[in-house]
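Here this note's numbering is used: the first residue of the sequence shown is -12, the next is one more, and so on. Virtual Cβ for every residue (Gly too), placed ideally from N, Cα, C. Please read these numbers as outputs of a predicted model, since none were measured by experiment. Right, one structure below, let's go through it.
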Amino acid sequence: MQLHKTSISITSAALQKDYISRVLDDYVPMELVHTSVGCGAVKQLIAMPGKTHQVYSELRNHTPIPNVKVYYTTPKVGDLPEWYHYKKSQTVPDLVLVAQPGYAVVTRDEDKRTPKQAAEDVKTAISGYNNHYPEMLGVFLAYGPGEISVH
């Protein structure tokens, strides 16, 4: 019998099926934003040259988005918590928005968003929320001779 040579893995991702959209365009003048990347729990912002701090200040102090936090990713200035393991790089812009579970950040201005998918076309569940929220914890179980022990 081959059963003793079989490994079994079970995974379950935490997804938020129902959410309230927060439209970035309603909170910051879009002429300050060059591109917004992503749609959902996490949205990266590339500001127009010289406008990064102004966009940050708008979203942090003047017109904050309810249930969404804005963070700097740049070294020394960055205020994104360490446990995100997410820092400024060639692929990560200066600003990132992180929504709480049940909320999504979208962009109405199709010239400023990538991917180009319209906000109202997002019909599937959303992942990427902060895993410090208990409802966002996933499950991973594995057993068998091909599995290794990780603590």
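DSSP places Val93 inside the beta strand (DSSP E), whose first and last residues are 90 to 93.
The Cβ atoms of Gln41 and Leu11 do not sit closer than 8 Å to each other. Contiguous alpha helix (DSSP H) elements confined to the region 23 to 51 occur at 39 to 44, taking only those with 4 or more residues. Assignment of Tyr14 by DSSP, reduced to helix, strand and coil, places it in the coil class. The alpha-carbon of Val57 is positioned some 16 Å away from that of Trp70.
If you draw a straight line from the Cα of Ala28 to the Cα of Ile(-5), it comes to about 31 Å.
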